[in-house]
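**Student:** If you're matching positions, the sequence shown starts at 1 in the UniProt record's numbering and goes up one per residue.
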Amino acid sequence: MSNDATTTPYGATPYPSPYPGAPDGAAPVQAWQPAPPPRELAGWWSRVGASVLDQLVVGVPYFAGGMIGLLLSTPGVDQLGEPSRSFTAAGMVAVWLGLLTSIVLGIWNRFLRQGRTGQSLGKKALGIRLVGSRTGAPIGAGAAFGRDVAHLLDGVLYLGYLWPLWDRDKQTFADKLLSSVVVRAR
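#1: Answer yes if the segment 89-96 comes into contact with the segment 67-75, meaning at least three C-beta pairs across the two stretches below 8 Å, and no otherwise.
#2: When the Cα atoms are used, what is the spatial distance from residue 214 to residue 104?
#3: Counting C-beta neighbours from all protein chains within 10 Å, is the total for residue 116 16 or more, i.e. buried, or is it exposed?
#4: Under three-state DSSP, which class holds residue 164?
#5: Check each candidate in 83, 42, 75 and 77 and name the one with the smallest Cα separation from residue 119.
#6: At which residues does the alpha helix (DSSP H) containing residue 103 begin and terminate?
#7: Are residue 114 and residue 130 close, meaning C-beta to C-beta below 9 Å?
#8: I'd like the span of the alpha helix (DSSP H) that includes residue 66, first residue to last.
#9: Smallest Cα separation from residue 110: which of 168, 164 and 143?
#10: According to DSSP, is residue 76 part of a helix, a strand, or is it coil?
#11: In terms of residues, what are the limits of the beta strand (DSSP E) holding residue 132?
#12: Looking only at C-alpha atoms, which of 147, 157, 78 and 124 sits nearest to residue 171?
#13: Please confirm whether residue 164 and residue 47 have their CB atoms less than 9 Å apart.
#14: May I ask you to report which of helix, strand or coil DSSP gives residue 85?
#15: State the Cα-Cα distance for the pair residue 80 and residue 96, rounded to the nearest angstrom.
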């Protein structure tokens, strides 16, 4: 075996790490990051307006399907001899299509769109956005769904919906549970 400078006693030397380590072997720490910029909280009336617009988004297709179903119904007489209307198959299809469209639009608007962008169609129209209170980022579809479920708590005597009127962070009970706030969009 030759003893030249190109050989090592235990084979090839490993490649050096491309990342510098701390001199004492400690793991590197994350650098300091500034707090998110201050944000202007959305007013109560703009939140109410956005909610009304979001209800119209899901209500109009359902109402339209019901009206088409009613127009396609046939007049008749019930068992007591009173005038009534019977839905036709085409009328029932219209009602079910209206209902299905409303459900799909509601899921897309309130959970997927609002969770991903922070804005439902109503919030976008009124220039407000739903974000996490700690991160300032949209809360995601799962949390948007959880927030709507938590709005059941807001519905008790409607106190939770009125809470933003006097709360410092203008949060409903659902917002407090999910650590979310509604802010003015920039």
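Here a beta-carbon is modelled for each residue, glycine too, at the ideal position from N, C-alpha and C.
From a predicted model like this one, the values you see are computed outputs, not experimental measurements.
**Tutor:** So, from the data block:
#1: yes
#2: This structure does not reach residue 214, given that the chain is present from 1 up to 186, and the question cannot be answered.
#3: exposed
#4: helix
#5: 42
#6: 89-106
#7: yes
#8: 44-71
#9: 143
#10: strand
#11: 128-132
#12: 147
#13: yes
#14: strand
#15: 28 Å
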